[in-house]
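Residues in the sequence shown are numbered from 7 upward in steps of one, following the working numbering. Heads up, the beta-carbon is just placed ideally off N, CA and C, and yes, glycines get one too. Take a look at the structure below.
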Amino acid sequence: MSRKRTSIEYLKGVGPERARLLNEELKISTFEQLLQFFPNRYIDRTKFYRTDELPKNNSEIQLKGRITSINTIQQKRGKRLVAEFSDETGFVNLVWFRGHQWIKDSIIINKTYVVFGRLNWFKGRASIPHPEMELESTFKNKIKRSFYPIYPSTEKLVNKGISQKVIQNLMEHLIEKGGPLFSETLPLYILDKYKLISKNEALKEVHFPVSQNSLSKAQSRLKFEELFYIQIQLILKNFQRKSKIKGYVFPLIGQTFKSFFDLHLPFELTTAQKRVVKEIRRDLGSGRQMNRLLQGDVGSGKTIVALLSILIAIDNGFQSCLVAPTEILAQQHFESIQYLLKKSVGVSIELLTGSVNLKKRKIIHEKLKNGELHILIGTHAVFEDNVKFKNLGLAIIDEQHRFGVAQRSSLWVKNKIPPHILVMTATPIPRTLAMSLYGDLDISIIDRLPPGRKPIKTLHRFDNKRLSVFAFLKEQIKKGRQVYIVYPLIKESEKLDYKDLMDGYESITRSFPLPNYQISIVHGKMKSEDKSYEMERFKKGKTQIMVATTVIEVGVNIPNASVMIVESAERFGLSQLHQLRGRVGRGNEQSFCILMSSSKISTNGIKRLETMVKTNDGFKIAEADLELRGPGNLMGTQQSGILKLKIADLVKDQELLKVARDEAKSLLIKDPELKNNENQIIKRTLSSNYFESNFWNFIS
Ligand code: ADP
Ligand code: MG
């Protein structure tokens, strides 16, 4: 199929100049790329509007009727030619600014025309400037097709004369005159199984559909193919990792694990936690490197799962590290794990963050090297070059925003056999999407919260209700509860946000005066000792109110704090709001989350707040986030630009994605090296680099 790679320069109607433009503006330079450039909508030329039911926007429409009169109107800025066009239900004006004589001469009054153009509304009256017109009697022969494709384009292309018509003509040459350009890319048995049409048919139909029905068929065929090949590549990668990358074998469940599990576990594991621990144990015993993503909503109990995995490593003579994105969180992990292990003799644990002094640091480095230290908990500092483990067997990464892949791998280039990797995330994303994004990781999900939690009550209040909110806080504080008040701090406008925070703090100190009320404040500009000092006071119950920026977004665990106030909540993203809310609801008392906002909010802002009020389920919130923002903006995927698919849509086509994934998976389980005859077509397609995509930059 050498023609696929032919430069479009050689396509009739292109030439060097247009080829350059198409490449610059649309990244199209070969026949293949042009064919894979799909319309984003279609105009249906079989559909006629009635003049009494015109859409109230500037859409393109088609009408059938007669011209009853035609007049030139003199205006300040020149002449206009206006024709009155009517059907049985009413009339619209057709307007021309140029070519008056020719139009006047060619129009036949009182004959039926088909008129096509873009509506223009002015003072409640519709007109159509420069319409395309065809006598009804010749329309059927003249009009080539029922659906006209409309392609994504740029202003520059339009200005340089590459109109929709030009692109349509190019496609037409390519498809109708170029013969079948593509060999099939899917095996026959898959086409049969899912009743998919052939590749050539689909390409033809997607550009020039003959009916809505055939268009849908073409679209699903092409979407399936796109999703299927993404999945095939992801799953292959996963298989390769499992067969090629050796991992340490941790066969033992030894004394450390057993005594902790039998004697010191502070609660019974939930079924979900048990399931995940089992999945991890299976990985650790397999001889292959574990590369697992643990998704669990805030408060779902990921820490204990991490600890149990660490204990298995210890029993097998290996060190572990647990890495968190912030000092506060690292500190907290350190404290809670130290606490959990207080009765486990002989397990050593240290904290390494940027603020650990040199002397202490040296001791830690030494103990890591000689193997005395079993567990290192820390921040990015753990990734520094001078941190050398004797035998790191397990690296756990508790991340809010995903650590860069490079950072993750810096941990294991130091060893020959890489440590097992467990990535924990409290930013759940829908499972189907997780599978497409992190398909090279295995996924575990903790989908149940520990028992006995009272669902957090979430309310939205406008700023003018502040006094009653404060009254409510006083009531709660009287009952012995503690309160967070969080202000947004968004980089670009840091100064302003900082001022908001300080103003807020002042007004809070006025409303909650000493000595009855003690207030802590924590924000990013403070020294880390001061931050810990304030956190500590709040944790010990010495202060009742914690005023903070989003530094407390992740992980902080203070069960007695039962009210979360989020200021300017409309400025936060959904997943951030969900994280913030997750700071409360950790004790036995009823918890509240109050979202404060100004009355000026965008529609999306309102929807975000409504979603928060409606549900506590992180997965549902992630779905809503996905719908509101589109997958490209999902937490952690912003810069990666990974989700630019050609035709499928990861939000709307989730069902199809699942089908494609299941098929890809079962096929590869049966034929992991694509050796079967019937699958040769897949192997060929993969090796032809047909699915060029920047997807893989992210994954590998
Ligand atoms: P996250 O998944 O957000 O990291 P944590 O591990 O911090 O959640 O757990 C949240 C709280 O729930 C902690 O106080 C922890 O002790 C408690 N917890 C975890 N698992 C259970 C369980 N199975 N039963 C009761 N409480 C649990
Ligand atoms: Mg956590």
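Please list the terminal residues of the continuous alpha helix (DSSP H) segment that includes Val-164.
Against the sequence shown, residue 164 aligns to sequence position 158. Residues 161-165.
Margin query: Any contact between the stretch 280-287 and the stretch 475-489? By contact I mean 3 or more CB pairs, one from each, below 8 angstroms.
Written below: The answer is no - the stretch 475-489 does not touch the stretch 280-287, with fewer than three Cβ pairs under 8 angstroms.
Classify Ile-343: buried if its beta carbon has 16 or more other beta carbons within 10 angstroms, exposed otherwise. Within the sequence shown, numbered from 1, the residue matching residue 343 stands at position 337. The residue is buried, with at least 16 neighbouring Cβ atoms inside 10 Å.
| request: Pick out the complete alpha helix (DSSP H) segments inside the stretch 166-246, 4 residues or longer, and give them in chain order. | output: Counting only unbroken stretches of 4 or more residues, the alpha helix (DSSP H) elements lying wholly within the stretch 166-246 are 170-178, 194-199, 205-213, in sequence order.
Item to check | Closest Cα partner of Asp-111 within the set Ile-76, Phe-128, Ser-159, Leu-290 | outcome: Position 105 of the sequence shown, counting from 1, holds the residue named residue 111. Among Ile-76, Phe-128, Ser-159, Leu-290, the Cα nearest to that of Asp-111 belongs to Ile-76.
Per-residue burial, Pro-22 [other beta carbons within 10 Å of its own, 16 or more giving buried]: For this step, residue 22 is matched to residue 16 along the sequence shown. The residue in question, Pro-22, is exposed, as its Cβ has fewer than 16 Cβ neighbours within 10 Å.
task = Buried or exposed for Gly-123, please, with buried defined as at least 16 other CB atoms from any protein chain shown within 10 angstroms of its CB.
result = Start at 1 with the first residue of the sequence shown, and residue 123 comes out as number 117. By the Cβ-count criterion, Gly-123 is buried, with 16 or more other Cβ atoms from all chains shown falling within 10 Å of its own Cβ.
With H, G and I counted as helix, E and B as strand and the rest as coil, what does DSSP make of Arg-467?
For the purposes of this step, residue 467 is taken as residue 461 along the sequence shown, with counting starting at 1. Here Arg-467 sits in strand by DSSP.
query = Is Thr-276 near the ligand ADP, going by C-beta to nearest heavy atom under 6 angstroms?
reply = On the sequence shown, residue 276 is found 270 positions in, with the first residue counted as 1. Yes - the ligand ADP has a heavy atom lying nearer than 6 angstroms to the Cβ of Thr-276.
Per the contact definition of three or more C-beta pairs closer than 8 angstroms, is the stretch 309-327 in contact with the stretch 247-265? Yes: the two stretches touch, three or more of their Cβ pairs being nearer than 8 angstroms.
_Only counting the same chain, and skipping five residues up and downstream in sequence, which positions put a Cβ closer than 8 angstroms to that of Tyr-4?_
In the structure as shown, the chain starts at 7 and stops at 706, and residue 4 therefore has no counterpart that could be examined.
Q) Which value, in whole angstroms, describes the spacing of the CA atoms of Leu-233 and Ala-25? A) Position 227 of the sequence shown, counted from the first residue, corresponds to residue 233. Position 19 of the sequence shown, counted from the first residue, corresponds to residue 25. Taking C-alpha positions only, Leu-233 is separated from Ala-25 by approximately 29 angstroms.
> At which residues does the alpha helix (DSSP H) containing Arg-298 begin and terminate?
Replying inline: Walking along the sequence shown from the start, residue 298 turns up at place 292. Arg-298: not part of any alpha helix (DSSP H); member of the beta strand (DSSP E) spanning 297-302, first to last residue.
Using C-beta distances below 7 angstroms, list every residue in its chain close to Leu-313, excluding the 5 sequence neighbours before and after it, in chain order.
Sequence index remark: in the sequence shown, residue 313 carries index 307 (1-based). Answer for Leu-313: Ile-343, Leu-346, listed in chain order.
Separation of Ser-350 from Val-362, as counted between CA atoms: The sequence position of residue 362 within the sequence shown is 356, counting from 1. The sequence position of residue 350 within the sequence shown is 344, counting from 1. Rounded to the nearest whole angstrom, the CA to CA distance from Val-362 to Ser-350 is 25 angstroms.
Query - Where Ser-474 falls, given that 16 or more other Cβ within 10 Å makes a residue buried - result: Translated into positions along the sequence shown, residue 474 becomes position 468. Around the beta carbon of Ser-474, a 10 Å sphere encloses fewer than 16 other beta carbons of the protein chains shown; the residue is thus reported as exposed.
**Nearest-angstrom Cα separation, counted from Val-492 out to Ile-236** = Working through the sequence shown from its first residue, we reach residue 236 at position 230. Working through the sequence shown from its first residue, we reach residue 492 at position 486. Distance between the alpha carbons of Ile-236 and Val-492: 41 angstroms.
Would DSSP call Thr-12 helix, strand or coil? As a working mapping, residue 12 is identified with position 6 in the sequence shown. Thr-12 falls in the coil class under three-state DSSP.
Does the ligand MG have even one heavy atom less than 6 angstroms from the beta-carbon of Lys-308? As a first step, residue 308 is located in the sequence shown; it is residue number 302 there, counting from the start. Look at Lys-308: its beta carbon is less than 6 angstroms from one of the heavy atoms in the ligand MG.
Under a CB-based cut-off of 7 angstroms, is Ile-687 close to chain C? The question asks about chain C, but that chain is absent: this structure has only one protein chain.
- [ ] State the beta-bridge partners of Ser-526 as determined by DSSP.
- [x] As a working mapping, residue 526 is identified with position 520 in the sequence shown. Partner(s): Met-552.
Q) According to DSSP, is Pro-155 helix, strand or coil? A) Numbered from its first residue, the sequence shown carries residue 155 at position 149. Pro-155 falls in the strand class under three-state DSSP.
- [ ] Give the range of the beta strand (DSSP E) segment to which Val-353 is assigned.
- [x] The residue labelled residue 353 in the question sits at position 347 within the sequence shown. Here Val-353 belongs to no beta strand (DSSP E), and DSSP marks it neither H nor E.
For Leu-125 and Thr-74, the rounded distance between their alpha carbons: By one-based count along the sequence shown, residue 74 stands at place 68. By one-based count along the sequence shown, residue 125 stands at place 119. Whole-angstrom Cα-Cα distance: 19 angstroms.
message: Need the endpoints of the beta strand (DSSP E) that Ser-326 sits in, please.
response: Position 320 of the sequence shown holds residue 326. Residues 325-329.
Where the alpha helix (DSSP H) through Pro-22 begins and ends
Here residue 22 refers to the residue found at position 16 of the sequence shown. Pro-22 -> alpha helix (DSSP H) spans 21-32.
**Report entry** Through-space distance from Phe-214 to Leu-692, alpha-carbon basis
**Finding:** The count along the sequence shown starts at 1 and reaches residue 692 at position 686. The count along the sequence shown starts at 1 and reaches residue 214 at position 208. Leu-692 and Phe-214: Cα-Cα distance of roughly 27 angstroms.
What residues are listed by DSSP as bridge partners for His-426? Counted from its first residue, the sequence shown places residue 426 at position 420. In DSSP, His-426 forms a bridge with Leu-400.
Under the three-state reduction of DSSP, which class applies to Arg-592: helix, strand or coil? Position 586 of the sequence shown, counted from the start, is the residue given in the question as residue 592. It is coil, neither helix nor strand.
So, does the stretch 240-259 touch the stretch 327-342, judging by three or more C-beta pairs under 8 angstroms? No, because fewer than three Cβ pairs between the stretch 240-259 and the stretch 327-342 fall closer than 8 angstroms, the two stretches do not touch.
* Per-residue burial, His-270 [other beta carbons within 10 Å of its own, 16 or more giving buried] -> Stepping through the sequence shown from its first residue, residue 270 is reached at position 264. Looking at its Cβ environment, which holds fewer than 16 other Cβ atoms inside 10 Å, His-270 is exposed.
* Quick one, are the C-beta atoms of Ser-133 and Val-101 less than 7 angstroms apart? -> As a working mapping, residue 133 is identified with position 127 in the sequence shown. As a working mapping, residue 101 is identified with position 95 in the sequence shown. In contact: Ser-133 and Val-101 (Cβ atoms closer than 7 angstroms).
Residue burial classification, Glu-378 (beta-carbon count within 10 angstroms, cutoff 16): Counted from its first residue, the sequence shown places residue 378 at position 372. Around the beta-carbon of Glu-378, fewer than 16 other beta-carbon atoms lie within 10 Å, marking it exposed.
Practice prompt. Compute the minimum distance between the beta carbon of Val-216 and the heavy atoms of the ligand ADP, and state whether it is under 6 angstroms.
Written response: Numbered from 1 along the sequence shown, position 210 holds the residue referred to as residue 216. Incorrect: Val-216 has no Cβ contact closer than 6 angstroms to the ligand ADP.
Is any heavy atom of the ligand ADP found at a distance shorter than 6 angstroms from the C-beta of Phe-266? Residue mapping note: residue 266 aligns to position 260 of the sequence shown, counting from 1. Phe-266: no, Cβ never under 6 angstroms from the ligand ADP.
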